[in-house]
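Undergrad: Heads up: the sequence shown is residues 1 to 262, going by UniProt numbering.
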Amino acid sequence: MTLRVITIANQKGGVGKTTTTINLGTALAAIGERVLIIDLDPQGNASTGLGIDRRARDRSVYDVLIGERHIRDAIMETAVPRLSLVPSTLDLLGFEQEILGARDRSYRLRKAVQALGSGADYSYVLVDCPPSLNLLTINALAAADAVLVPLQCEFFALEGLSQLLQTVEHVKTALNPELTIHGIVLTMFDRRNNLSGQVVDDVRRHMGDRVYETVIPRNVRVSEAPSFGKPALLYDMHCAGSQAYIRLASEIIQRERRLRAA
Ligand code: ADP
Ligand code: MG
1 MTLRVITIAN
11 QKGGVGKTTT
21 TINLGTALAA
31 IGERVLIIDL
41 DPQGNASTGL
51 GIDRRARDRS
61 VYDVLIGERH
71 IRDAIMETAV
81 PRLSLVPSTL
91 DLLGFEQEIL
101 GARDRSYRLR
111 KAVQALGSGA
121 DYSYVLVDCP
131 PSLNLLTINA
141 LAAADAVLVP
151 LQCEFFALEG
161 LSQLLQTVEH
171 VKTALNPELT
181 IHGIVLTMFD
191 RRNNLSGQVV
201 DDVRRHMGDR
211 VYETVIPRNV
221 RVSEAPSFGK
231 PALLYDMHCA
241 GSQAYIRLAS
251 EIIQRERRLR
261 AA
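Encoded structure:
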């Protein structure tokens with residue numbers, strides 16, 4: 001089985017990275033893929049949102065990045081069948097300082113993912129990034145086959161995107177020549193708000209077919225789900241947000257098939 005590593009990145013906070021990671025992961029698992037989510041944000045929202053309480057995190061991605069634990073020993077199971085997690089803890093805040101002198105500091109996550117082995121039990125690894133272009137995000141890009149960028153449907157949606165794309169180019173040149181942009185997903189679309197529609201048109205005009213057809217609506221069920229420690233897809237499978245993430249998953253699988261055939 002080929003393992004695909006997709007990093008979910010945007011240095012802006014609150015654009016839907018974590019929500020997309022959790023729900024895309026759940027949707028992929030629901031259609032039979034085996035998914036490992038790596039929570040690379042010290043805030044640990046993906047871990048909490050998947051029901052792995054801070055107190056339950058006796059292992060974390062930090063241990064793996066500093067070389068104290070094999071990634072296989074850092075994996076925790078979630079309530080979603082076929083969906084596993086490497087949780088984050090606040091220790092991650094110290095990663096950058098601690099690792100600064102190490103020559104392989106940008107490759108720590110890549111090495112960890114490679115250590116999963118080629119007979120991988122997983123078909124997808126999704127990496128949830130912190131809201132920053134720091135060394136953690138660089139590690140996530142250096143480990144990835146492709147990057148998926150969530151953009152919130154708001155006035156300044158495109159602002160900051162060029163900086164992110166520059167960082168992707170830099171990582172591609174310096175660290176990971178195979179890195180591609182998987183796509184851009186527009187999130188928190190509000191159909192009662194004209195601005196939302198304008199933003200969608202604007203982003204499509206600038207970014208063309210890099211933008212997924214699927215647009216994720218703003219949906220209160222999606223925002224409630226994490227407080228129950230559940231993906232929206234478990235909390236309310238029928239809500240508009242969950243259904244959109246299912247469509248996004250199938251769109252992603254179609255893109256993957258095209259990439260493989262090419
Ligand atoms: P990021 O990881 O980029 O910081 P989050 O995924 O945590 O962003 O989303 C930021 C906030 O917006 C969270 O409170 C989340 O519940 C909420 N949110 C995200 N997507 C949606 C959506 N489609 N509908 C409603 N609320 C959403
Ligand atoms: Mg987040």
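Note that CB positions come from ideal geometry on N, CA and C, so glycine has one too.
Taking just the CA atoms, how far does Ser106 sit from Leu40?
TA: As a first step, residue 40 is located in the sequence shown; it is residue number 40 there, counting from the start. As a first step, residue 106 is located in the sequence shown; it is residue number 106 there, counting from the start. Approximately 13 Å between the Cα atoms of the pair.
Undergrad: Cα-Cα, which of Leu158, Thr180, Ile138 is closest to Ala146?
TA: Here residue 146 refers to the residue found at position 146 of the sequence shown. Measuring from the Cα of Ala146, the nearest candidate turns out to be Thr180.
Undergrad: Rounded to the nearest angstrom, what separates Gly49 and Val80 at their Cα positions?
TA: For the purposes of this step, residue 49 is taken as the residue at position 49 of the sequence shown. For the purposes of this step, residue 80 is taken as the residue at position 80 of the sequence shown. Cα to Cα, Gly49 sits roughly 12 Å from Val80.
Undergrad: Given the structure, does Gln43 come close to the ligand MG, in the sense that its CB is under 8 Å from one of the ligand's heavy atoms?
TA: Along the sequence shown, one-based indexing puts residue 43 at 43. Checking the Cβ of Gln43 against the ligand MG gives yes.
Undergrad: Which of the three DSSP states is assigned to Pro42 in this structure?
TA: For the purposes of this step, residue 42 is taken as residue 42 along the sequence shown, with counting starting at 1. Three-state result, Pro42: coil.
Undergrad: Where does Val168 land, buried or exposed, given buried means 16+ other C-beta within 10 angstroms?
TA: For the purposes of this step, residue 168 is taken as the residue at position 168 of the sequence shown. Label assigned to Val168: buried.
Undergrad: How would you label Ala244, buried or exposed, when you count the other beta carbons within 10 angstroms and need 16 or more for buried?
TA: If you number the sequence shown from 1, residue 244 lands on position 244. Counting Cβ neighbours within 10 Å, Ala244 comes out buried, since at least 16 surround it.
Undergrad: Does any heavy atom of the ligand ADP sit closer than 8 Å to the C-beta of Asp145?
TA: For this step, residue 145 is matched to residue 145 along the sequence shown. No; taking the cut-off as 8 Å, the Cβ of Asp145 has no heavy atom of the ligand ADP nearer than that.
Undergrad: Just mark Arg218 as buried or exposed, buried being the case when its beta carbon has 16 or more other beta carbons within 10 Å.
TA: What you label residue 218 is simply residue 218 of the sequence shown in a count that begins at 1. Arg218 comes out buried.
Undergrad: Can you give the beta carbon distance from Gln152 to Gly13, rounded, assuming they're within the 8 Å contact cut?
TA: Position 152 of the sequence shown, counted from the first residue, corresponds to residue 152. Position 13 of the sequence shown, counted from the first residue, corresponds to residue 13. The Cβ separation is near 10 Å, so there is no contact.
Undergrad: Are the stretch 250-260 and the stretch 221-232 touching, with three or more C-beta to C-beta distances below 8 Å?
TA: With a cut-off of 8 Å, the stretch 221-232 and the stretch 250-260 do not count as touching, because too few Cβ pairs lie within range.
Undergrad: May I ask you to list the residues that DSSP assigns as paired with Met76?
TA: Along the sequence shown, read from residue 1 onward, the residue named residue 76 stands at position 76. BP columns for Met76 point to Leu85.
Undergrad: By Cβ distance, which residues of its chain are closer than 6 Å to Val35, with the 5 residues on each side in sequence left out?
TA: By 1-based counting over the sequence shown, the position of residue 35 is 35. The residues are Gly25, Leu28, Ala29, Leu83, Tyr124.
Undergrad: Just curious, the beta strand (DSSP E) that Thr213 is in, first and last residue?
TA: In the sequence shown, the residue the question calls residue 213 occupies position 213. The sequence given here has Glu at residue 213, not Thr. Looking at the DSSP string, the run of the beta strand (DSSP E) that includes Glu213 is 211-217.
Undergrad: Give a single yes or no on whether Gly13 has its beta carbon closer than 8 Å to a heavy atom of the ligand ADP.
TA: In the sequence shown, residue 13 corresponds to position 13, counting from 1. Yes; taking the cut-off as 8 Å, the Cβ of Gly13 has a heavy atom of the ligand ADP nearer than that.
Undergrad: In this structure, does DSSP put Phe189 in helix, strand or coil?
TA: Within the sequence shown, the letter at position 189 stands for residue 189. Note: Phe189 maps to strand in three-state DSSP.
Undergrad: Among residues of its own chain, excluding the 5 on either side of Ile246, which ones have a beta-carbon nearer than 6 Å to its beta-carbon?
TA: Taking the sequence shown and counting its residues from 1, one reaches residue 246 at position 246. Closer than 6 Å at Cβ, skipping near neighbours: Ala27.
Undergrad: Beta strand (DSSP E) containing Val15: first to last residue?
TA: Along the sequence shown, one-based indexing puts residue 15 at 15. No beta strand (DSSP E) contains Val15, which DSSP labels as neither H nor E.
Undergrad: On the criterion of 16 or more Cβ atoms from any shown chain inside 10 Å, does Arg260 qualify as buried, or is it exposed?
TA: What you label residue 260 is simply residue 260 of the sequence shown in a count that begins at 1. Arg260 should be labelled exposed.
Undergrad: Is residue 295 near the ligand ADP, with its Cβ less than 8 Å from a heavy atom?
TA: Any answer about residue 295 is impossible in this case: the structure gives the chain only from 1 up to 262.
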